[in-house]
Amino acid sequence: MIPLANRAMPVEHPHGGGNHQHIGMASIVRRDTFAGRKVGLIAARRTGRLGGSKKVTDKPDKE
């Protein structure tokens with residue numbers, strides 16, 4: 001039996017179904033992956049927690 005697009009259940013599709021929208025897979029891919037994998041997706045500029053520390057400097061009192 002061939003499934004028809006207008007008769008398929010939304011939950012059977014990666015982008016459909018549920019009470020909220022979800023992609024069903026990772027929404028980002030590596031920049032150096034093959035071309036077909038990056039279709040419609042955007043590689044992340046940065047992931048994870050920010051590194052380093054912020055230096056705290058005392059401001060001189062204005063009088």
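The letter at position 44 of the sequence shown is residue 44 when you use the UniProt record's numbering, and the numbering goes up by one with no holes.
Note that CB positions come from ideal geometry on N, CA and C, so glycine has one too.
Residue i, DSSP secondary structure in three states
i, result
"residue 52", "coil"
"residue 10", "helix"
"residue 44", "coil"
"residue 37", "helix"
9 Å Cβ cutoff met for residue i and residue j
i, j, result
"residue 28", "residue 8", "no"
"residue 38", "residue 31", "yes"
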